[in-house]
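Below: one structure, written as structure tokens.
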Amino acid sequence: MRATGFFTLLLSLLMMTFLACGSKKSVTTVPSPAADVPVNLATELVINYKLDKAGLRDTFNRAIDDALKGNFDIPDYDIKMTLSKTRPATVEIEGKNLLVVVPITVNLEKNTFLADLKAKGTMEMSFITNVDIDTIWNVKTATSLSYHRWIEKPKLSVGGINIPIQTVSDIALSKTKYLIEKGIDDSVNSSMTVKQKMKENMAMFDQPMRFDTSISAWLNIRPEKFYINRVINSKLAAEGKIAIYGISTFSTYKPQAYSVSKNLPRVYWNEAIPDSSVFRLAADIKTMDINKVLKANLDGKTFTTGDKSITLSNIVTNCDYENIKVITDVKGAANGTLIITGKPVYDRAVNGFSLKNTDIQFKTKNVLHKAAAWIAEGKIRTELEEKLRFNINETITEVQKSIDTQLAEFNRKYDMEIRLGLGSVTVESFKLMPGQIEAVMLSRFYLQVGIRDFRSFNRF
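The sequence shown lines up with residues 148 to 607 when you count with this note's numbering.
Spelled out as structure tokens, the structure:
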């Protein structure tokens, strides 16, 4: 899947947050479950796009050039007529409408027995194209001539032969009008095959995405509806927004697939789309699934105080409704099994997790007792608690750097202009259950996409 770097980074944050939960042995569950509280799972992804007007003008000028290659001869009067642009057409876009103003040079030629007659005139034509998208992604365009004026009417007469120039002018206008209207409509429709492209793009969400084959880590994004707003015109670009509303879940097991591409979410016009995105990631983490992550981060770590040290191995954890329990074999100045129990607490003020009410016990030869003072009260205890602490704010800067690096490569590869500014990452809800962690992580960010011309829509 393209452009999954940001989701990967959110996943990394989650995994770092919950490193301290796995499973090894059964842990007696004493606390009772807390009452369920409704959780907001809605994700609102907003794409702020800028449509470059220079590219837009190029698109429409190509369409007009193609339209002017048609046959404009007037057989009833034995007149040959050719049309050309006096200068490039101008294009403005506002709301659902495109305004195209094009000056046309009209060349007339008629052969008579007296002389070959030639004449040239110039008219300015203004076209309005209404572009609409219905709820099931069908693009509809309607182009019509809204205004025209002859800057210079062609004159075609010689001796006693008079050509009905008004009639000829009307025929020239009618033929030109029809072909340019059709050319603009054809260009827009061929450049914006939105429904088909949406089916192709939504296919990336048909199956849950696995991020890392070394662990069981799955992201499932289910778009439920889209919003688009009317385009706002500015000097250099036309700007608008696309909002994707849905649900995003992370799990350590493969969830059920949802065929998004076959059941395209509906799209609606909405003028109240916010600027920034709210991305919620609902996490369902089975503690037995993340032992590899835990092992990679703590297995083999040595802790030292004075002349005493211990090395951890075979580290696993489990959770009940209130506490997590970390169980690890230790070797060194003490040999046996170390059991660390504590309550994970999320502090919104510092935006981080830590263990509270930490209890350390030591087991040797099936005898359970309090750990030696140099483990339970000294430097090693402090280091162990530090390993089980995670501050999200301290990670955001590095996450932004990683996002910038990935987007630079993506923009280069697909000739796009995408920028993403990460605002904040917080945890909205956090709940422990036996062998399972449920949480909702929220990220706010600003996403901007630069589009050079209508054909860029087909690159997504």
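Glycine included, C-beta positions come from ideal geometry on N, C-alpha and C.
{"Check": "Return helix, strand or coil for Pro222, following the three-state DSSP convention.", "Outcome": "helix"}
{"Check": "Could you round the C-beta distance between Ile240 and Met270 to whole angstroms and report it? I think they count as a contact, below 8 Å.", "Outcome": "In fact, because the Cβ distance is near 23 Å, the residues do not count as touching under 8 Å."}
{"Check": "With 16 as the cutoff for other CB atoms within 10 Å, does Leu535 come out buried or exposed?", "Outcome": "buried"}
{"Check": "Given this structure, state the Cα-to-Cα distance separating Ser170 from Tyr405, to the nearest angstrom.", "Outcome": "Per-residue confidence for Ser170 stands at a pLDDT of 33, beneath the threshold of 50, marking its modelled position as unreliable; no derived number is given."}
{"Check": "Give the secondary structure of Ser576 by DSSP, where H, G and I count as helix, E and B as strand, and everything else as coil.", "Outcome": "strand"}
{"Check": "Please identify the residue among Val249, Met228, Phe260 and Ile584 whose C-alpha is closest to the C-alpha of Ala429.", "Outcome": "Ile584"}
{"Check": "Output needed for Lys478: all residues of its chain with C-beta closer than 8 Å, excluding positions within five of it in sequence on either side, in chain order.", "Outcome": "Ile457, Thr458 and Ser460"}
{"Check": "How is the beta strand (DSSP E) around Arg591 delimited, first residue to last?", "Outcome": "Gln583 to Ile598"}
{"Check": "Across which residues does DSSP place Arg369 in a beta bridge pair?", "Outcome": "Ile394"}
{"Check": "As a quick exercise: from Val253, Thr529, Asn336 and Ile487, pick the residue whose alpha carbon is nearest that of Val286.", "Outcome": "Asn336"}
{"Check": "Does DSSP classify Val407 as helix, strand or coil?", "Outcome": "coil"}
{"Check": "When you compare only the Cα positions, how much space is there between Ser501 and Asn380?", "Outcome": "50 Å"}
{"Check": "Just tell me which of Glu541, Val492, Asp506 and Asn482 has its CA closest to the CA of Val514.", "Outcome": "Asn482"}
{"Check": "When you compare only the Cα positions, how much space is there between Tyr678 and Arg427?", "Outcome": "Any answer about residue 678 is impossible in this case: the structure gives the chain only from 148 up to 607."}
{"Check": "Is the region 243-255 close to the region 315-331, with three or more CB pairs under 8 Å?", "Outcome": "yes"}
{"Check": "Given Glu556, which residues of its chain have a CB within under 6 Å of its CB, disregarding the five upstream and five downstream residues?", "Outcome": "none"}
{"Check": "Would you mind stating whether Val247 and Ala236 have Cβ atoms separated by less than 8 Å?", "Outcome": "yes"}
{"Check": "Quick one: grab the DSSP three-state call for Tyr374.", "Outcome": "strand"}
{"Check": "So Leu441 is in the alpha helix (DSSP H); what residue range does that whole segment cover?", "Outcome": "Asn438 to Leu445"}
{"Check": "In three-state DSSP terms, what is Gln354?", "Outcome": "coil"}
{"Check": "Look up Ile432 in the DSSP assignment and say whether it is helix, strand or coil.", "Outcome": "strand"}
{"Check": "Roughly how many whole angstroms lie between the Cα atoms of Gln508 and Ile539?", "Outcome": "29 Å"}
{"Check": "Buried or exposed: where does Gly387 fall if 16 or more other Cβ atoms within 10 Å of its Cβ makes it buried?", "Outcome": "buried"}
{"Check": "With respect to the alpha helix (DSSP H) encompassing Met349, which residues constitute its N-terminal and C-terminal limits?", "Outcome": "Val341 to Met349"}
{"Check": "Count the other CB atoms within 10 Å of the CB of Tyr400; is the residue buried (16 or more) or exposed (fewer)?", "Outcome": "exposed"}
{"Check": "Going by C-alpha distance, which of Arg357, Phe373 and Lys372 is nearest Leu366?", "Outcome": "Arg357"}
{"Check": "Among Val193, Asn498 and Trp521, whose alpha-carbon lies nearest the alpha-carbon of Val572?", "Outcome": "Asn498"}
{"Check": "Runs of 3 residues minimum, wholly inside the region 236-263: which ones carry the beta strand (DSSP E) assignment?", "Outcome": "237-241 and 244-258"}
{"Check": "From Ser549 to Thr542, what distance separates their C-alpha atoms?", "Outcome": "11 Å"}
{"Check": "For Pro222, count neighbouring Cβ atoms within 10 angstroms of its own Cβ and tell me buried if that reaches 16, exposed if not.", "Outcome": "exposed"}
{"Check": "By how many angstroms is the C-alpha of Ile391 removed from the C-alpha of Leu411?", "Outcome": "12 Å"}
{"Check": "Do Lys265 and Ile226 come within 8 Å of each other at the CB atom, strictly closer than that value?", "Outcome": "no"}
{"Check": "Ignore the nearest five residues each way along the sequence and tell me which others in Lys442's own chain have a CB closer than 7 Å to its CB.", "Outcome": "Ile462"}
{"Check": "Smallest Cα separation from Val378: which of Asn417, Thr190 and Asp551?", "Outcome": "Asn417"}
{"Check": "For the alpha helix (DSSP H) containing Asp213, list its first residue and its last residue.", "Outcome": "Lys200 to Ala214"}
{"Check": "If I measure Cβ to Cβ from Phe219 and keep anything under 6 Å in the same chain, skipping five residues before and after, which residues do I get?", "Outcome": "Met228, Leu230 and Lys322"}
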